[in-house]
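K.L.:
2 protein chains.
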Amino acid sequence: MMVSTKGRYALRVLIDLAEHDAGGFIPMKDVVQRQNVSQKYMERIMSLLSKNGFVEGVHGKGGGYRLNRSPEEYRIGDILRLTEGTLAPVSCLDCGAKPCERMDSCRTRPLWHDLDRMINGYLDQVTIADLMKKEN
Amino acid sequence: MMVSTKGRYALRVLIDLAEHDAGGFIPMKDVVQRQNVSQKYMERIMSLLSKNGFVEGVHGKGGGYRLNRSPEEYRIGDILRLTEGTLAPVSCLDCGAKPCERMDSCRTRPLWHDLDRMINGYLDQVTIADLMKKEN
DNA sequence: CATTTACCTACTATGTCAATAGGTAAATGA
DNA sequence: TCATTTACCTATTGACATAGTAGGTAAATG
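Okay, structure coming up:
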């Protein structure tokens with residue numbers, strides 16, 4: 000029942016990019032220093048975020064990453080579903096996983112289903128903008 | 000973000016004991032056959048449930064396990080917190096874990112905190128009785 | 001053209017999960 | 001009494017995911 004560092008770092012880097020946004024590109028070197036996390040590991044997460052249209056990256060001097068949209072357009076649910084793969088509390092709810100043959104008679108499935116809806120529903124109502132320090 | 004088989008099996012065995020309750024003790028052999036899970040593995044889970052007052056077990060012929068209370072007195076949250084260790088979505092919320100030094104400035108902590116409250120709050124309002132097949 | 005940055009693939013250490021293996025202890029009923 | 005049945009106990013294991021590290025290449029700039 001744990002969100003991995005991958006997902007937590009993804010949120011942190013997006014918040015960091017949002018809070019330090021000055022229109023230009025922000026090098027990961029700076030973010031990594033501020034957030035005190037592994038540069039190499041963060042690079043892999045950025046690659047995922049970049050491929051999926053969350054951020055834009057440019058090479059070379061003056062390069063770095065930049066948000067593709069405004070902070071209130073980043074739903075936490077979307078970010079975590081991407082980095083975690085799924086937010087489902089049990090694998091039988093994970094579309095793409097093999098279906099459970101006990102599904103029809105399963106006493107606990109409604110429980111997991113409702114829990115899943117709650118979790119995703121909550122995380123889809125919070126955005127990066129909500130997590131930013133307001134007095135900026 | 001997954002509930003382990005340990006927690007899922009615990010719920011299933013308690014539901015099974017509730018649904019087949021006839022006042023006496025039910026041997027794990029029967030439960031394991033109905034639920035189609037590993038006997039040895041289930042035994043370890045029963046030991047945990049027994050030590051923590053969820054079920055009572057007696058040895059020998061005519062022995063087995065029995066619920067200690069009525070089904071509506073078993074909160075799903077209590078069962079899962081026992082078997083999973085914690086339901087916290089991130090370790091910094093897990094009382095007993097080492098506190099995070101970034102706690103005060105952490106932008107994401109309120110998110111995790113509220114999510115944690117939602118998950119626990121929901122699971123504490125559902126009981127084993129709610130998960131039983133009603134027409135018994 | 002040297003420097004800076006993103007971007008890529010392969011590898012590894014560690015830990016947890018989901019069991020299995022191989023027993024011992026207690027209670028029963030024949 | 002004693003074989004059987006059940007719970008209960010400890011140690012070990014295979015598989016897998018996590019959280020990185022190592023060592024590069026490619027692109028952009030000043």
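Residue numbers (numbering that gives the first Met the number 0), protein chains in the order written: chain S, 0 to 135; chain W, 0 to 135. Just so you know, even glycine gets a beta-carbon here, dropped at the ideal spot from N, CA and C. Computed from a predicted structure; not experimentally measured.
Between S:P88 and the rest of its own chain, which residues show a CB-CB distance below 8 Å, the 5 nearest in sequence each way excluded?
P.N.:
M0, W111, L114, D115 and I118
K.L.:
Quick check for students: name the residue ranges of the beta strand (DSSP E) that lie wholly in the region 14-70 of chain S, counting only runs of 3 or more.
P.N.:
54-57 and 63-66
K.L.:
Return helix, strand or coil for W:A96, following the three-state DSSP convention.
P.N.:
Under the three-state reduction of DSSP output, W:A96 falls in the strand class.
K.L.:
Can you tell me which residues form a DSSP beta bridge with S:T85?
P.N.:
Under DSSP, S:T85 shares a beta bridge with no residue.
K.L.:
Measure from the C-beta of W:I14 to each C-beta in chain S and report whether the shortest distance is under 9 Å.
P.N.:
Taking CB atoms only, W:I14 has a neighbour in chain S less than 9 Å away.
K.L.:
Am I right that S:R68 and S:L16 are in contact with their C-beta atoms under 8 Å? What's the rounded C-beta distance?
P.N.:
Not a contact, Cβ separation roughly 11 Å.
K.L.:
Quick check: the Cα distance between S:D129 and S:R7, rounded to an integer number of angstroms?
P.N.:
15 Å
K.L.:
Would you check if the distance between the CB atom of W:V54 and the CB atom of W:L79 is smaller than 9 Å?
P.N.:
no
K.L.:
Any idea if W:A21 is buried or exposed, counting beta-carbon neighbours within 10 angstroms, 16 or more meaning buried?
P.N.:
exposed
K.L.:
Out of S:C105, S:C94 and S:D93, point me to the one whose CA is closest to W:K132's CA.
P.N.:
S:C105
K.L.:
Expressed to the nearest angstrom, what Euclidean distance is found between the alpha-carbon atoms of W:A9 and W:H19?
P.N.:
15 Å
K.L.:
When burial is assigned at 16 or more other CB atoms within 10 Å of the CB, is S:G63 buried or exposed?
P.N.:
buried
K.L.:
Do the CB positions of S:L48 and S:L81 come within less than 9 Å of each other?
P.N.:
Between S:L48 and S:L81, the C-beta gap is smaller than 9 Å, which places the two residues in contact.
K.L.:
Assign S:Y40 to one of two classes, buried (16 or more other C-beta atoms within 10 Å of its C-beta) or exposed (fewer than that).
P.N.:
exposed
K.L.:
Would you mind working out which of W:A96, W:D77, W:G84 and W:M27 sits nearest W:Q124, comparing C-alpha positions?
P.N.:
That would be W:D77, whose Cα lies nearest to the Cα of W:Q124.
K.L.:
Using a Cβ-Cβ distance cut-off of 9 Å, determine whether S:V125 contacts chain W.
P.N.:
yes
K.L.:
Between which two residues does the alpha helix (DSSP H) harbouring S:Y121 extend?
P.N.:
R108 to L122
K.L.:
Please decide whether S:R74 counts as near chain W, where near means a Cβ-Cβ distance under 9 Å.
P.N.:
no
K.L.:
Taking S:M1 as the query, report the chain W residues whose CB atoms sit under 8 Å from its CB, ordered along the chain.
P.N.:
M0, A87, P88, V89 and S90
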